[in-house]
Amino acid sequence: MVSHPFDERPHRTLVVLSVPVLVSLIAEPITGLVDTAFISGLGTAPLAALGIATTLLSGVFWIFNFLGIGTQTEVALAAGTGRLERGTEAAGLAIVLAAAIGTGLALVSWPLLHGAVEFMTTDLEVHHASIVYLKIRLLGGPAILIMMAAFGALRGLQEMRTPLLIAVTQNALNVILDAILIFGWGEIPPLGIAGAAWASVVSQWLGALWAVERVIRRLGLPQRVDLRSAGRLLAVGRDLFIRTGSLLAFLIVSTRFATRLGADAGAAHQVIRQFWMLNALLLDAFGAAAQSLIGFFLGASQIARAREVARIACIWGLGAGVATLGAMGVGGGFVAESLLPDHVRPIFIAAWLTCALAQPMNALAFVTDGIHWGTSDFRFLRNAMLASTAAGLIALVAFDPDLNGVWIITAGWITARSLFGILRIWPGFGDAPLRPKSNREGERSFQAAP
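Right under this line is the structure:
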């Protein structure tokens, strides 16, 4: 049996792996909140535009998150089996694909910007600001995906501190550049929302180049490109593409319903959405740590230990979700006073509290996602997300809600996702990879993977 610190100190091991992931994951949403705070000083139209633009960027680039998720699982499995050269090949292939896909997406997206923004808003001022921001941010498209793939490779090795250092440095630079470029400094003129976009592009490219250098240092350069590995990654990509696409479809459509209520509702929704993203990524830290541990133990054909990782990750995730609920309940008034004009606060508070109440289930949704990523159960995640999103979109269209209604439906969407994720583990319906089975069956299941 492969020895691992998890055997003696399971809770401590999970937390030690989760904390650096937590800080690195929330670094970008915190920067997004700083962007929101800076842009809020320019008025509600630029703030609503920032919400639309960041939602669309998520829709364009995050749909390719299989480059990080698939790479993390492949590298973790390779580490568990003791065949690290497979991890080197997977990481190299993912980074090359990330550069190519990121460049292609930027080129294809450029002429489609006006139509996409028109779908999100009819306000001319919001439309113009959104286009300005998006045209600049697309220049950082390849960097977003390269960093995604490189971070996945490092986390697959259970090296969580390097992505943390890169993320913190990158986002600190973003904040500094925000202050300089949005409002001007010395001979540098104020660029407004365009300055926020340039700050992001510069910092993202710095982070991407640094991350690639660290992957090469840990894994080396691949001696060959295995086309079978490319096929596996693209097969993962197919399922995660659909899964992430349906997730983002819900977020985009729900944002559309909010922004079409007016600039005030759009600004309030942007603030809540930024905090939701911050909380989601905070909660996802336990899922990311569980993914690496489960992948490692399944690579070593030790299903019982992988199930124990899942149990402990859910305990910690649920506790974090309850703590987040409490923090949001206490801090709602301060957030409203800090980021929104007086006349927007009444519609904000009700939706904010609805979002807060959903946090425990939100925690289980993201933690179980990480667990199933670690088991390579990508098809199940695809189908669960499709079902949840279909129900959520039908509810949005049927009820045509106000802002609080948008977040009530979002809470229902989150709850459906979490229930699918939990039931796949306990009791483990269908062909669940973590269903209890004999050691011999477990070995056949995971050693048969090419």
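So in my numbering, the last spot in the sequence shown is 637, and the numbers never skip.
All C-beta atoms, glycine included, are put in the ideal place defined by N, C-alpha and C.
Just so you know, these numbers come straight off a predicted model, no measurement behind them.
Just curious, the alpha helix (DSSP H) that residue i is in, first and last residue?
| i | result |
| --- | --- |
| Pro547 | Gln546 to Gly561 |
| Arg315 | In the sequence on display, residue 315 carries His and not Arg. Run containing His315: Leu311 to Arg324, per the alpha helix (DSSP H) assignment. |
| Arg622 | Segment: none, Arg622 is in no alpha helix (DSSP H) and carries neither H nor E. |
| Arg270 | Premise fails: Arg270 is in no alpha helix (DSSP H) and is neither H nor E. |
| Asn591 | Leu590 to Ile612 |
| Ile380 | Ile380 to Leu406 |
| Val304 | Leu300 to Met307 |
| Met334 | Gly328 to Gly343 |
What number of angstroms, rounded off, separates the C-alpha of residue i from the C-alpha of residue j?
| i | j | result |
| --- | --- | --- |
| Ser317 | Ile239 | 7 Å |
| Glu195 | Phe437 | 42 Å |
| Lys322 | Ser433 | 24 Å |
| Trp539 | Met515 | 8 Å |
| Phe483 | Thr275 | 15 Å |
| Trp594 | Gly407 | 46 Å |
| Gln634 | Ser488 | For Gln634, the pLDDT reaches just 39, beneath the cut-off of 50, and the residue's location in the model is therefore unreliable, although a value from the coordinates is still provided. So the alpha carbons of these two residues sit roughly 7 Å apart. |
| Gly453 | Ala545 | 20 Å |
| His315 | Arg199 | 50 Å |
| Arg273 | Gly513 | 44 Å |
| Pro377 | Ile363 | 14 Å |
| Asp587 | Thr602 | 20 Å |
| Asp589 | Val221 | 27 Å |
| Ser479 | Ile499 | 14 Å |
| Arg425 | Gly257 | 11 Å |
| Ala422 | Gly373 | 52 Å |
| Ala552 | Phe444 | 23 Å |
| Thr562 | Gly592 | 35 Å |
| Ile429 | Asn570 | 9 Å |
| Gly193 | Ala476 | Strictly speaking, residue 193 in this sequence is Phe, with Gly absent from that position. Phe193 and Ala476: Cα-Cα distance of roughly 12 Å. |
| Gly615 | Gly474 | 18 Å |
| Ile353 | Leu244 | 21 Å |
| Thr268 | Glu261 | 11 Å |
| Gly302 | Ser296 | 10 Å |
| Phe251 | Ser190 | 34 Å |
| Val531 | Arg447 | 15 Å |
| Phe253 | Arg342 | 14 Å |
Tell me whether residue i sits in a helix, a strand or coil according to DSSP, three-state version.
| i | result |
| --- | --- |
| Trp372 | strand |
| Gln457 | helix |
| Ile190 | Before going further, note that residue 190 is Ser rather than Ile in the sequence given. It is coil, neither helix nor strand. |
| Phe633 | With a pLDDT of only 39 at Phe633, under 50, the local geometry of the prediction cannot be trusted, and no value is derived from it. |
| Asp587 | coil |
| Gln489 | coil |
| Asp564 | coil |
| Gly279 | helix |
| Asn664 | The chain is shown only over 188 to 637; residue 664 falls outside these bounds and no answer can be derived. |
| Ile409 | As written in the sequence, residue 409 is Pro, which differs from the Ile given in the question. Coil at Pro409, not helix or strand. |
| Leu237 | helix |
| Arg419 | helix |
| Arg199 | helix |
| Pro377 | coil |
| Ser205 | helix |
| Met347 | coil |
| Arg447 | coil |
| Leu229 | coil |
Looking only at its own chain, which residues have a Cβ that is under 8 Å from the Cβ of residue i, when we skip the five neighbours before and after it?
| i | result |
| --- | --- |
| Gly648 | Residue 648 lies beyond the range of the chain shown here (188 to 637); nothing can be said about it. |
| Thr576 | Ser433, Leu434, Ala436, Phe437 and Trp600 |
| Ala286 | Pro329, Leu332 and Ile333 |
| Ala232 | Asp310, Glu312, Val313, Ala316 and Ala450 |
| Trp385 | Ile323, Leu364, Leu368 and Leu378 |
| Leu326 | Ala293 and Val388 |
| Arg411 | Glu276 |
| Arg348 | Pro207 |
Skipping 5 residues on each side, what residues in its chain have a beta carbon closer than 7 Å to that of residue i?
| i | result |
| --- | --- |
| Leu526 | Thr223, Ala224, Ser227 and Val458 |
| Leu351 | Pro207, Val210 and Ser211 |
| Pro547 | Leu505, Gly508, Val509 and Leu512 |
| Asn549 | Asn466, Ala467, Leu470, Gly508 and Ile601 |
| Asp529 | none |
| Ala493 | Ile481, Phe484, Leu485 and Leu621 |
| Glu495 | Pro197 |
Excluding the 5 residues flanking residue i on each side, which residues of the same chain have their C-beta closer than 6 Å to its C-beta?
| i | result |
| --- | --- |
| Ala619 | Arg611 |
| Leu237 | Ile226 |
| Leu300 | Ile318 and Leu321 |
| Val402 | Ala278, Ala337 and Ala340 |
| Phe607 | Ala571 |
Please confirm whether residue i has its beta-carbon closer than 8 Å to some beta-carbon of chain D.
| i | result |
| --- | --- |
| Leu311 | In the structure shown, chain D cannot be found, because there is only a single protein chain. |
- Jot down the residue ranges of each uninterrupted alpha helix (DSSP H) in the region 488 to 544, minimum 4 residues, whole runs only, in chain order. Runs of the alpha helix (DSSP H) inside the region 488 to 544: 490 to 526 and 532 to 544.
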